[in-house]
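Per our numbering, the very first residue in the sequence shown carries number 7; after that it's consecutive.
Contents: one structure, followed by commentary.
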Amino acid sequence: MDCQPNRQGQLSAKKAAKIRAGMAELDLWLQDLVRRGWATLPTDAASLWHEIAARMVDAQAPEIARELRAIAQLDPSDPQGSRLLARLGRLYSIARGWQHFDELPPETQADLRSQVGWTQPRRDLLIREGIKSRWWVLGRHVEAVAGIAKLKSQRIWLWGEAIERSALLLGYAHGTEPFYGDFLPGTSFEAELVFYESGYPLRAVVKGEICPSEPVDRLPGYDSINDALQAYSSALGQNPWLERFPLALAACVPQKRGEVAIDGFGKALPVSPDFTQNWQLAAVGGGLPISVFGEWNGEFWLPLSAVAEGRFVVLGHG
Numbered sequence: 007m008d009c010q011p012n013r014q015g016q017l018s019a020k021k022a023a024k025i026r027a028g029m030a031e032l033d034l035w036l037q038d039l040v041r042r043g044w045a046t047l048p049t050d051a052a053s054l055w056h057e058i059a060a061r062m063v064d065a066q067a068p069e070i071a072r073e074l075r076a077i078a079q080l081d082p083s084d085p086q087g088s089r090l091l092a093r094l095g096r097l098y099s100i101a102r103g104w105q106h107f108d109e110l111p112p113e114t115q116a117d118l119r120s121q122v123g124w125t126q127p128r129r130d131l132l133i134r135e136g137i138k139s140r141w142w143v144l145g146r147h148v149e150a151v152a153g154i155a156k157l158k159s160q161r162i163w164l165w166g167e168a169i170e171r172s173a174l175l176l177g178y179a180h181g182t183e184p185f186y187g188d189f190l191p192g193t194s195f196e197a198e199l200v201f202y203e204s205g206y207p208l209r210a211v212v213k214g215e216i217c218p219s220e221p222v223d224r225l226p227g228y229d230s231i232n233d234a235l236q237a238y239s240s241a242l243g244q245n246p247w248l249e250r251f252p253l254a255l256a257a258c259v260p261q262k263r264g265e266v267a268i269d270g271f272g273k274a275l276p277v278s279p280d281f282t283q284n285w286q287l288a289a290v291g292g293g294l295p296i297s298v299f300g301e302w303n304g305e306f307w308l309p310l311s312a313v314a315e316g317r318f319v320v321l322g323h324g
């Protein structure tokens, strides 16, 4: 008799209980923080964030700990302090979600597990049937992981030609270690991808072999910013904790030295202050409409690539 599945179920139940207790503690901590207000925080307020972050690690919620460490680096007096409040609100909604975990549909439960860092095992994904398609590599972004020395994350954004939907390959590497796979923006490949369970599935893993295909000379973009934002709103309705949304505009004109993008209807999309290639973005089209792909976080757009007259230009942070 195989007792392994039963043992795994017991371990999962214990882990869920530990996370739920940690989220209850975070819930109370955040409520107390809001009641006291920023003005009452001591000069060594960063230590408070790191203390609660350490407790979240003990509660087996590493992603929550990472977010708390990142928030500790923010200045509440900054003009963009509203971003801090938005991040706190997001943490609070995750904590509250865990208090009602058993009442939620499986897809929402999967998203809540993902938010605390409890990801679906790769081996479990690879036994499932995936989606075969030609996948366009639209963009790549590499950044340091907050609070963990020398750890980097890589986001590879794909577009499935056969299914007309986006996919995200997320990877990590320490120090000078290379990331898995050679996914160059502007290229494409034939492969089978399996998506992680989610209310709005984006993250995926490659199953089996990768067969290189022809270069990419266009972007599958929205016709207007309004259309793009409506799609984003719909995605949030399916996964309220979606951090980044793949957003491509079929035709836009970078203006104000590449600080905003204007669509054909005159609506503007603000470019992220973290974007450092504004002049290159503005120069790609020379004042004419171009296709641009990037990440939208609900406030700013981070361009990662552009196509002008069939020429693919990499803009990403890589």
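Beta carbons are placed, not taken as given, at the ideal position from N, Cα and C, and that holds for glycine.
Since the structure is predicted, the reported quantities are computational estimates derived from the model, not experimental observations.
Residue span of the beta strand (DSSP E) that contains residue i, given as start and end
i	result
Ile296	296-302
Ile133	Run containing Ile133: none; DSSP gives neither H nor E here.
Ala254	251-261
Ser219	Here Ser219 belongs to no beta strand (DSSP E), and DSSP marks it neither H nor E.
Leu275	274-276
Trp307	307-314
Ala267	266-269
Phe318	317-320
Buried versus exposed call for residue i [16 or more other C-beta atoms within 10 Å across all chains shown]
i	result
Val143	buried
Phe271	exposed
Ile162	buried
Val40	exposed
Ser139	buried
Gly300	buried
Phe318	buried
Thr114	buried
Ala267	buried
Ala19	exposed
Gln236	exposed
Asp269	buried
Gln160	buried
Pro279	exposed
Ser311	buried
Pro191	buried
Met7	Because the pLDDT at Met7 is just 45, under 50, the model does not fix this residue reliably, and the value given afterwards should be weighed accordingly. Exposed, by the Cβ-count rule.
Leu34	exposed
Residue j beta carbon less than 9 Å from that of residue i
i	j	result
Leu308	His147	yes
Gly181	Lys156	yes
Ala67	Gly123	yes
Arg72	Ile154	yes
Leu110	Leu118	yes
Pro218	Phe195	yes
Phe107	Ala30	no
Gly205	Gln244	yes
Tyr5	Ser120	There is simply no residue 5 to check, as the chain begins at 7 and stops at 324 in what is shown.
Leu74	Ile58	yes
Glu215	Gly136	no
Pro226	Thr193	no
Pro295	Cys258	yes
Val211	Arg128	yes
Trp55	Ile70	no
Asn284	Pro260	yes
Ala241	Val298	no
Leu36	Met62	no
Gly145	Pro252	yes
Nearest residue (CA-CA) to residue i, options the options
i	options	result
Gly293	Trp302, Ala197, Lys262	Lys262
Pro276	Glu170, Val313, Gly264	Gly264
Thr27	Gln105, Leu54, Leu80, Phe251	Residue identity check: residue 27 is Ala in the sequence provided, not Thr. Measuring from the Cα of Ala27, the nearest candidate turns out to be Gln105.
Leu176	Ile137, Thr125, Ala256, Asp130	Thr125
Gly316	Trp141, Val151, Arg224	Arg224
Gly103	Glu183, Ala150, Ile25, Leu253	Ile25
Ala168	Trp141, Leu36, Val151	Trp141
Lys158	Tyr178, Gly166, Leu164	Tyr178
Arg209	Leu190, Ala76, Gly166	Gly166
Thr290	Val313, Leu255, Phe281	The sequence given here places Val at residue 290; Thr does not occur at that position. The option with the nearest alpha carbon to Val290 is Val313.
Leu321	Gln286, Trp302, Phe306	Gln286
Lys273	Ala288, Ser311, Ala234, Phe281	Ala234
Leu91	Pro112, Val200, Gly43, Ser230	Gly43
Phe189	Thr282, Leu164, Trp302, Pro112	Leu164
Arg250	Thr282, Phe306, Val200, Asp229	Phe306
Asp130	Trp302, Asp64, Val200, Ala101	Val200
Tyr228	Arg171, Glu183, Phe281, Gly187	Arg171
Delimiting residues of the alpha helix (DSSP H) encompassing residue i
i	result
Arg75	68-78
Val290	284-291
Leu235	231-244
Residue i beta carbon near the ligand MN (any heavy atom closer than 8 Å)
i	result
Gly103	This structure does not include the ligand MN; it has no bound ligands of any sort.
Requested in this report: Would you list, in sequence order, the uninterrupted alpha helix (DSSP H) runs of no fewer than 4 residues that lie entirely inside the stretch 101-186?
Outcome: Listed in chain order, they are 112-122, 128-132.
Segments of 3+ residues assigned as beta strand (DSSP E) that fall wholly inside the stretch 189-213:
Qualifying beta strand (DSSP E) stretches, in chain order: 194-201.
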